[in-house]
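Shown next, in C-alpha cells, is the structure this report addresses.
There are 2 protein chains.
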Amino acid sequence: MGVCPVAIDNRTVYIILGLLNHEPMSGYDMKKRIEVSISQFWDVGFGQLYPTLKKLEADGMIVRAGEHHPGRPDRYVYSITDRGRQLLRRWLEEPASKEYVRYEILLKLFFGGLVGREANIAAIEAFRARYSGAADLLAAYGEELRLALGDSPDHLYYLLTVIFGEKVYKAYLEWAEEALKLLQSHQSSGGDQP
Amino acid sequence: MGVCPVAIDNRTVYIILGLLNHEPMSGYDMKKRIEVSISQFWDVGFGQLYPTLKKLEADGMIVRAGEHHPGRPDRYVYSITDRGRQLLRRWLEEPASKEYVRYEILLKLFFGGLVGREANIAAIEAFRARYSGAADLLAAYGEELRLALGDSPDHLYYLLTVIFGEKVYKAYLEWAEEALKLLQSHQSSGGDQP
DNA sequence: AATCCATATATCATGATGATATATGGATGG
DNA sequence: CCATCCATATATCATCATGATATATGGATT
Chain G
1 MGVCPVAIDN RTVYIILGLL NHEPMSGYDM KKRIEVSISQ FWDVGFGQLY PTLKKLEADG
61 MIVRAGEHHP GRPDRYVYSI TDRGRQLLRR WLEEPASKEY VRYEILLKLF FGGLVGREAN
121 IAAIEAFRAR YSGAADLLAA YGEELRLALG DSPDHLYYLL TVIFGEKVYK AYLEWAEEAL
181 KLLQSHQSSG GDQP
Chain C
1 MGVCPVAIDN RTVYIILGLL NHEPMSGYDM KKRIEVSISQ FWDVGFGQLY PTLKKLEADG
61 MIVRAGEHHP GRPDRYVYSI TDRGRQLLRR WLEEPASKEY VRYEILLKLF FGGLVGREAN
121 IAAIEAFRAR YSGAADLLAA YGEELRLALG DSPDHLYYLL TVIFGEKVYK AYLEWAEEAL
181 KLLQSHQSSG GDQP
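Residue numbers (the numbering used here), protein chains in the order written: chain G, 1 to 194; chain C, 1 to 194.
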C-alpha cells in the first residue's frame with residue numbers, strides 16, 4: 001500500500017512502460033521499436049528487457065496476455081496497467097539525471113602520444129565514417145517529422161530527439177575534420193621506438 | 001606465456017595503465033587525475049578502480065610499492081611494468097569501439113506527450129543549465145592548451161579531447177534553444193487529465 | 001571542542017552490455 | 001528438393017560500470 005516497491009533506477013522500466021502506454025506489444029516488438037526510435041540515445045538489449053518485463057509483471061505494472069501456444073513459438077503480449085501508467089507519469093515529472101557518455105576514441109586519443117600519428121589519424125577517420133551517413137539520415141527523418149507535425153502531438157516530441165541527434169552528429173563531424181587537420185599540421189615524432 | 005590472460009573489455013584497465021605510463025601514483029591520485037581530465041568522456045569510480053588495480057597487479061601489469069604504515073592510513077603507489085606497457089600499446093592500436101551514450105532527458109522527451117508542456121520545458125532548461133557554464137570553461141582550457149602546445153607532445157592530444165567537448169557542448173546548447181522555441185511555438189494541449 | 005573536509009582504500013547491490021542458447025517457420029538459392 | 005539463412009521469439013550469463021556506503025586519520029575551520 002502507499003508508494004511503489006518497484007525499482008526507481010532501472011530506466012528499462014520506464015522505456016517499457018512508455019512503449020506499452022502507446023499500445024500493447026511483446027518483448028520482441030519492444031526491441032524492434034527501441035531500435036528505430038530511442039536506441040540512439042538509450043539502447044536496451046534483451047538481457048535487460050526480458051528480466052525487467054518479468055519484474056514489472058510481478059509488481060502489477062504490466063499484465064501478460066496471449067499464452068503459450070503448443071507447437072508454436074511462445075509470444076507474450078504485454079499491456080500497461082493503471083499503476084504502471086502512474087509510475088511512468090511520476091518518473092516523467094522528476095528531473096532527468098545527468099548524461100552518461102563513454103567515448104573510447106577520446107580515451108585512446110588522450111593516451112595517443114604513446115603510438116604513432118598514423119594510428120590516431122586512422123581512429124579519427126573510422127569515427128568520422130561511423131557518423132557521416134547517420135547525420136544525413138537523421139536530417140531526412142527530421143524533415144518527414146516536421147511535415148507530419150500536425151498528425152499527432154507526439155510527433156513534436158519525437159522531433160526534439162531527432163534534432164538533438166542532428167546537432168550532435170554534426171558536431172562530431174566538425175570535430176573530426178578539425179582534429180585531422182591539427183594532427184596533420186603538427187608533425188609529431190610518433191611514439192614508436194625501433 | 002604468449003598472449004595475455006588479462007581482461008580485454010575492461011576500459012578501466014587501460015585508463016590505469018595510461019595514467020601509470022606517465023608516472024607512478026596511488027588509486028586515489030588516479031581518481032583525482034581522472035576527474036580533471038578524462039571524466040567528461042569516460043568516468044571511473046572507486047568501485048571500478050580498486051578491484052581493477054588488484055587484478056592488474058595479480059596479472060603482473062603493474063607493481064605496488066609503498067607499504068602499510070602502522071598508525072597512518074595506507075597508501076599504495078603503483079607503477080606500470082613492461083608487460084603493462086605492452087598491453088596498453090596493443091589496446092591503443094586496436095580500433096575504438098562504438099560510442100555509448102545515455103540521455104535520460106531525451107528518453108523523457110520522447111514520452112513527453114504524457115505530461116504537460118511545462119514539465120518538458122523545465123527539463124530542457126535544467127539540461128541547458130548543466131552545460132552553459134561548462135562550455136565556456138572548456139573553451140578557456142582549450143586556449144591554455146593551444147598556447148602550451150610546444151611544451152609536450154601530449155598537449156596536442158589533450159587538446160583534441162577538449163575541442164571535442166567544446167563542439168558537443170555547443171551543440172547541446174544550440175539544441176536546447178531550438179527545442180525551447182519549438183515547444184513554446186506549438187501550443188500543445190498538455191497531457192494532464194483532470 | 002566540535003565539525004567539516006581531504007586523504008585513502010574497499011565492498012556491495014543494482015543496472016547495462018554483449019554474447020550465447022534454443023526453437024520454429026518462411027524465404028532464398030544452388 | 002534440400003540446405004542455408006534470416007526473422008521471430010524468449011531467455012540466461014559473465015563481465016563491466018555506477019552510486020552508495022563503510023572505515024579510518026589528520027588538518028583546517030568555526
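The beta carbon of each residue, even a glycine, is placed where N, CA and C say it ideally should be.
- Per DSSP, reduced to three states, the secondary structure at residue 64 of chain C is strand.
- In the DSSP assignment, residue 14 of chain C falls outside any beta strand (DSSP E) and within the unbroken alpha helix (DSSP H) covering 11-22.
- Within chain G, the residues 98, 99 have their CB atoms less than 9 Å from the CB of residue 130 of chain C, given in chain order.
- Distance from the CA atom of residue 105 of chain G to the CA atom of residue 176 of chain G, rounded to whole angstroms, is 11 Å.
- For residue 79 of chain C, the uninterrupted beta strand (DSSP E) segment begins and ends at 77-80.
- Distance from the Cα of residue 44 of chain G is smallest, within the candidate group G:56, G:76, G:10, for G:10.
- A direct Cα-to-Cα measurement between residue 51 of chain C and residue 163 of chain C gives close to 32 Å.
- The residue among G:152, G:26, G:165, G:81 with its C-alpha nearest the C-alpha of residue 74 of chain G is G:26.
- The CB of residue 38 of chain C comes closer than 7 Å to the CB of 107, 110 in chain G, given here in chain order.
- With respect to the C-alpha of residue 14 of chain G, the residue from G:65, G:92, G:23 having the closest C-alpha is G:92.
- Taking C-beta atoms as the reference points, residue 103 of chain C and residue 131 of chain C fail to come closer than 9 Å.
- The Cβ atoms of residue 107 of chain G and residue 84 of chain C lie no closer than 9 Å to each other.
- The DSSP-derived three-state label of residue 132 of chain G is helix.
- Annotation for residue 34 of chain C: 44 place their beta carbon closer than 6 Å to its own, counting only its chain and skipping 5 residues before and after.
- The beta carbon of residue 46 of chain C sits closer than 8 Å to those of 27, 31, all from its chain and outside the five residues before and after it, given in chain order.
- In this structure, DSSP gives residue 26 of chain G an extended state, which the three-state scheme calls strand.
- Partner residues in the beta bridge of residue 102 of chain C, as assigned by DSSP, are G:100.
- Only exposed fits residue 184 of chain G, as fewer than 16 other CB atoms lie within 10 angstroms of its CB.
- Counting the other CB atoms within 10 Å of its CB gives residue 167 of chain G a total of 16 or more, which places it among the buried residues.
- Measuring C-alpha to C-alpha distances from residue 155 of chain C to each of G:124, G:116, G:165, G:109 identifies G:109 as the nearest.
- The Cβ-Cβ distance between residue 78 of chain G and residue 24 of chain G falls below 9 Å.
- In the structure shown, residue 151 of chain C adopts coil according to DSSP, grouped into three states.
- Residue contact check for residue 141 of chain G against chain C: no CB pair falls below 9 Å.
- It is roughly 51 Å from the alpha-carbon of residue 142 of chain G to the alpha-carbon of residue 57 of chain C.
- For residue 58 of chain C, there are no neighbours in chain G by C-beta distance under 8 Å, as the nearest C-beta there is about 23 Å away.
- In the three-state reduction of the DSSP assignment, residue 39 of chain G falls in the coil class.
- Proximity of residue 151 of chain C to chain G, defined by a Cβ-Cβ separation below 9 Å, is not satisfied.
- Collapsing the DSSP output to three states places residue 127 of chain G in a helix.
- Rounded to the nearest angstrom, the Cβ distance from residue 121 of chain C to residue 180 of chain C is 6 Å, consistent with a contact under 8 Å.
- Contacts with chain G at 9 Å (Cβ-Cβ) include residue 21 of chain C.
- For residue 114 of chain G, there is no enclosing alpha helix (DSSP H), as DSSP marks it with neither H nor E.
- Contact of residue 45 of chain C with chain G is not assigned, every C-beta pair being separated by 9 Å or more.
- Going by C-alpha positions, residue 150 of chain C is about 26 Å away from residue 80 of chain C.
- DSSP places residue 142 of chain G within a helical segment (H, G or I) once states are collapsed to three.
- Distances from the CA of residue 114 of chain G to each of C:117, C:152, C:111 were compared; the closest alpha carbon is that of C:152.
- The DSSP-derived three-state label of residue 45 of chain C is coil.
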